[in-house]
Amino acid sequence: MQQKSASPVDNSTSTAPPKLILYSFWQSSCSWRVRFALNLKGLPYEYRAVNLSNGEQFSPEFEKINPLHYVPALADADLVVSDSLAILLYLEEKYPHKALMPVDRRLRVLNLQAANIVSSSIQPLHMVSVLRNIEEKFGSEERSSWAQSKIETGFFALEKLLNSLAGKYATGDEIYLADVFLAPQIAVAIKRFNIDMSKFPTLSRIFNSYKALPEFLDSLPERQPDAVN
Amino acid sequence: MAGEESKKLKLYSYWRSSCSCRVRIGLNLKGLEYEYVPVNLLKGEQQTPEFLKLNPVGLVPVLVDGDVVLADSFAILMYLEEKFPQHPLLPKDLHRRGINYQAANIVCSSIQPYQNIPILKFMKEKLGPDADVAWAQDHIQRGFSALEKLLKDYSGKYATGDEVFLADLFLAPQIDGAIRRFKVDMDEFPLLARIFKAYLELPAFRDAMPERQPDAPAEHRD
Numbered sequence: 001m002q003q004k005s006a007s008p009v010d011n012s013t014s015t016a017p018p019k020l021i022l023y024s025f026w027q028s029s030c031s032w033r034v035r036f037a038l039n040l041k042g043l044p045y046e047y048r049a050v051n052l053s054n055g056e057q058f059s060p061e062f063e064k065i066n067p068l069h070y071v072p073a074l075a076d077a078d079l080v081v082s083d084s085l086a087i088l089l090y091l092e093e094k095y096p097h098k099a100l101m102p103v104d105r106r107l108r109v110l111n112l113q114a115a116n117i118v119s120s121s122i123q124p125l126h127m128v129s130v131l132r133n134i135e136e137k138f139g140s141e142e143r144s145s146w147a148q149s150k151i152e153t154g155f156f157a158l159e160k161l162l163n164s165l166a167g168k169y170a171t172g173d174e175i176y177l178a179d180v181f182l183a184p185q186i187a188v189a190i191k192r193f194n195i196d197m198s199k200f201p202t203l204s205r206i207f208n209s210y211k212a213l214p215e216f217l218d219s220l221p222e223r224q225p226d227a228v229n
Numbered sequence: 001m002a003g004e005e006s007k008k009l010k011l012y013s014y015w016r017s018s019c020s021c022r023v024r025i026g027l028n029l030k031g032l033e034y035e036y037v038p039v040n041l042l043k044g045e046q047q048t049p050e051f052l053k054l055n056p057v058g059l060v061p062v063l064v065d066g067d068v069v070l071a072d073s074f075a076i077l078m079y080l081e082e083k084f085p086q087h088p089l090l091p092k093d094l095h096r097r098g099i100n101y102q103a104a105n106i107v108c109s110s111i112q113p114y115q116n117i118p119i120l121k122f123m124k125e126k127l128g129p130d131a132d133v134a135w136a137q138d139h140i141q142r143g144f145s146a147l148e149k150l151l152k153d154y155s156g157k158y159a160t161g162d163e164v165f166l167a168d169l170f171l172a173p174q175i176d177g178a179i180r181r182f183k184v185d186m187d188e189f190p191l192l193a194r195i196f197k198a199y200l201e202l203p204a205f206r207d208a209m210p211e212r213q214p215d216a217p218a219e220h221r222d
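Top to bottom, those sequences are chains F and B. Take the first sequence: its letters are residues 1 to 229, numbered as in the UniProt record's numbering. Take the second sequence: its letters are residues 1 to 222, numbered as in the UniProt record's numbering.
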C-alpha cells in the first residue's frame with residue numbers, strides 16, 4: 001500500500017504521527033465522502049491507498065485492517081471503523097468540532113434522508129462490480145441505460161426533497177452531512193455517466209457551491225496520492 | 001386525554017417492506033403506539049398524488065409525528081432515538097455504536113437496495129422466473145458473509161452484545177426476508193441464524209414481522 005501524508009495541516013515538525021489513518025481508493029466515491037468530511041472538520045489524517053483495481057482490498061495486509069475488504073476504512077488509534085456513513089457518524093460523535101450535523105432535529109433527519117438516498121438508492125446501483133454484472137447479463141447498452149436511470153431516479157427524488165430547503169448548500173446555507181454525500185455523487189454522475197444536470201437545477205446550483213470550496217477540491221480523486229492519469 | 005389521538009404517531013408502511021419493518025420494531029421497543037397506514041407497493045400506491053404530497057420521494061416508511069413528516073428508516077430511527085430516549089437503540093460505547101452503524105448500513109446499502117421491487121421485477125422479466133431470487137440471493141450472501149465477520153468479536157445474545165441495539169433492527173427484517181422470500185441457507189451464517197432465533201423470542205420483534213401486519217394478505221398471515 002502507498003503511504004503518503006495528504007492532510008491539509010503540515011505535520012512535518014510534529015514527532016507524533018497523525019491520529020487518523022484513512023484507507024482509501026482515489027476513485028471510490030465512498031472514500032471521497034470521508035476525505036471531504038475530514039477536510040471540512042479540519043482533521044489531519046494519513047492517506048493509505050488501497051488499490052481496488054488490482055484487488056488489493058483482498059490482500060492479507062488489508063484483511064488484517066478490515067476483514068470486510070471495504071474502503072473507506074478509518075483507523076483511530078486501535079479502533080477501525082469502515083463504511084462511510086458509520087465513519088462519518090463516528091467522527092461527529094468523537095470530534096464534534098465543526099459539526100456536520102445541524103442542531104435542529106428536523107434538519108438532522110432531512111440530512112440523514114438525503115445522505116441515504118445517495119448511499120442506499122443511488123451509489124450501490126452504479127458500483128463498478130454491479131455494472132459489470134449488468135453488462136455481463138445484458139450487454140453494454142443496458143449497462144449505460146441502467147446506470148443513467150438509477151442515477152436520474154435518485155436525483156429526481158433529491159430535487160423534490162431539497163428544492164424548498166436548499167440555500168447555498170443542500171439543506172440551507174451551512175454545509176452538512178447531506179452535502180458530504182451529494183458532492184461526490186454529483187461529480188461522479190457528471191464525469192463518469194454524463195448525466196444531463198440541466199434536469200436538476202437545485203443539485204446543479206449546490207454543486208457550484210461545492211466547487212468553490214478548497215476542502216472539496218482537495219478531496220477530488222485526481223488530487224489523491226494514488227491517482228493515476 | 002383530550003388531544004391524545006391527534007398526537008398519535010402515524011406510520012405509512014407496507015407489510016413486506018423490510019425498511020418499514022425496521023421502524024415497526026423500533027416503535028415497539030420504545031413502547032410507542034402508532035396508527036398503521038398501509039401503502040400497497042405492488043399496486044403503486046406510493047406514487048399516488050396523495051402519498052407524494054406526504055412524501056415527494058415516494059417511498060415507505062414514512063412517519064408522521066404531529067406536523068413533522070419523516071422518511072427513510074435510518075433517519076426515522078435516529079429521530080425516535082433522540083425524541084424518545086426510553087429503550088436506547090445505541091450503546092454508550094463509541095466503538096460499539098460504530099459497529100451498530102456499520103452493520104445497519106451493510107444491510108441498508110449493500111443488501112436491501114438489490115432486492116427492491118423494481119429491480120427484482122426487471123431481473124424476472126429479462127432473465128426468467130427464478131432470476132430475481134438468484135440475484136437477491138447473491139447479494140444477500142455477500143452481505144451476510146461480511147456481517148458474520150463484522151459481528152464475530154462483538155455479538156452476544158444479539159448482534160453487538162446482550163442487549164438489542166440498532167443493528168438488530170436492521171438485521172431482523174433482512175434475515176426474515178432472506179429466509180422466507182429468497183430461500184437463503186442460513187447454515188452458512190451461524191451467527192446470524194442464532195441471533196435471529198433470539199429476536200423471535202421478543203414480542204417487539206415478532207409483532208413487527210410482515211405476516212403480523214394488518215395489510216398482510218390472508219395466505220401470508222401468521
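Positions of the beta carbon are idealized from the N, C-alpha and C atoms, including for glycine.
- Taking CB atoms only, B/Glu-82 has a neighbour in chain F less than 9 Å away.
- For F/Ala-178, the closest of F/Leu-131, F/Ile-117, F/Ser-204 by C-alpha to C-alpha distance is F/Ile-117.
- For F/Gln-113, the chain B residues whose Cβ falls inside 7 Å of its Cβ are Ala-71, Asp-72, Ala-75, in order along the chain.
- When C-beta atoms of the segment 183 to 197 of chain F are compared with those of the segment 113 to 128 of chain F, three or more pairs fall below 8 Å, so the two segments count as touching.
- Here F/Val-103 is actually not in contact with F/Tyr-90; their C-beta atoms are around 19 Å apart, not less than 8 Å.
- About 6 Å separates the beta carbons of B/Leu-147 and B/Ile-106, which is inside the 8 Å limit, making them a contact pair.
- Rounded to whole angstroms, B/Glu-163 and B/Pro-203 show a C-alpha spacing of 15 Å.
- Considering only beta carbons, the part of the segment 52 to 72 of chain B lying closer than 7 Å to chain F consists of Pro-56, Val-57, Val-68, Leu-70, Ala-71, Asp-72, in chain order.
- Bounds of the beta strand (DSSP E) holding B/Ser-13 are 9 to 13.
- Following the DSSP letters along the chain, one finds F/Arg-132 inside the alpha helix (DSSP H) bounded by residues 128 to 138.
- Counted as a single uninterrupted DSSP element, the beta strand (DSSP E) harbouring F/Ile-21 occupies residues 20 to 24.
- Excluding sequence positions up to five before and after B/Ile-195, its CB lies within less than 6 Å of the CB of Tyr-158, Ala-159, all in the same chain and listed in chain order.
- For B/Tyr-158, there is no enclosing alpha helix (DSSP H), since its DSSP letter is neither H nor E.
- In the three-state DSSP reduction, F/Tyr-95 falls in the coil class, being neither helix nor strand.
- Legend: CB atoms of the segment 77 to 100 of chain F lying less than 7 Å from CB atoms of chain B belong to residues Leu-79, Val-81, Ser-82, Asp-83, Leu-85, Ala-86, Leu-89, Tyr-90, Glu-93, Lys-94.
- Partner residues in the beta bridge of F/Val-80, as assigned by DSSP, are F/Ala-75.
- Under the three-state reduction of DSSP output, B/Pro-214 falls in the coil class, being neither helix nor strand.
- The DSSP-derived three-state label of F/Asp-226 is coil.
- When secondary structure is reduced to three states using DSSP, F/Gly-172 falls in the strand class.
- When DSSP reads this structure, B/Val-60 sits in no beta bridge, so it has no partner.
- Here the alpha carbon of B/Leu-52 sits roughly 14 Å from the alpha carbon of B/Ser-13.
- At least one C-beta of chain B is nearer than 9 Å to the C-beta of F/Tyr-70.
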